[in-house]
Structures are given as C-alpha cells and as structure tokens.
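Here's the structure we're looking at; comments come further down.
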Amino acid sequence: MSEEQTSSNVTTPSGPGIRQTAIGDHNIQIGAVSGGEVNIGVPAAKQPEVTEADLVALRKLLADLKAQVEVEAPPERKEAALERVGELEQAVTAKQPDLSTMEYVKGWFVKNLPGLAGAVTSVVINPIVGKLVQAAGDTLAAEFKRRFGVK
C-alpha cells in the first residue's frame, strides 16, 4: 500500500485491512466491520473542572442575591422573590443545571421586580454557572448559550 496525502489529511496503512487517517488533531482508524455498529465523530471536548473554590464563590453570589432581595423587594413580593431565589439556587447547583427554571426565575423577576432582574441575570450568566452547565455536557451548554445569549 502506498501513503496518500491531501491538503491536511494523511492516510497511512496500519495493518491488514486497516487504514489510519490523521485529520487535524484527530486520528481515525477504519478496519473490517461485520455485524456491529460504526460510529464516526470527533471525541467530546474535555469538560471544565468545577472546583471547590468555584462552588464557594457561587454560594456567595447566591447569598448576596438573597440579601439584596431581602433589602430591596417590597414586603408584598419579598416572600415570593425569596422563593424564586431558592429555586434558582437549586437549578444552578443541580447535577444537571435546570435551564427551564433558570429562565423562569429570570423572567419572573423581569415581570414582577424589574429593579432586581439585573442582579438575577448576573447570577444566571455568571461564568461559574456557565462552567457548571458546560460540565453537564455540550448539548446543555449549547442550549444555555441559545437561551441566555451567552457566548
């Protein structure tokens, strides 16, 4: 067998019936397949590691938001607002962050307490929350970016 080369792809023989191709940083091996599945794709990107320091900082952000709601929310809305902050905390700290709840809480503040909506949004789009979402997988991260306009 002879080695074939295209612009950025290099194909080399690597055994009987097996071809190995380098495409960018990825190596692909193709061999005889019978009675099984063939999966083709790029390996998943390494997920970011969420550190204990990240979690401490997130808990502080949420505590600061709760304190701000305590001070700034009018008495007739305070209890409901604090409940929404609790829902937000559960949503962002879940093993798989709950984007629907995050979106709902943000929308609730925009509609009911617009003066606090910026503080809530700053928690939702905080880089630590983004890191937690990314750690839960690429699909969820893409949805997070779509819903909240985060790049």
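Following the working numbering, the numbering of the sequence shown begins with 102 at its first residue and continues without gaps. From the three backbone atoms N, C-alpha and C, an ideal C-beta is built for every residue, glycine too.
Counting other Cβ atoms within 10 Å of its Cβ, R247 stays below 16 and is therefore classed as exposed. Note that the C-beta distance between L217 and V251 is not below 9 Å. P228 and P198 have their C-alpha atoms some 14 Å from each other. Residue burial annotation: K212 is exposed, with fewer than 16 other C-beta atoms found within 10 angstroms of its C-beta. I229: member of the alpha helix (DSSP H) spanning 228-236, first to last residue.
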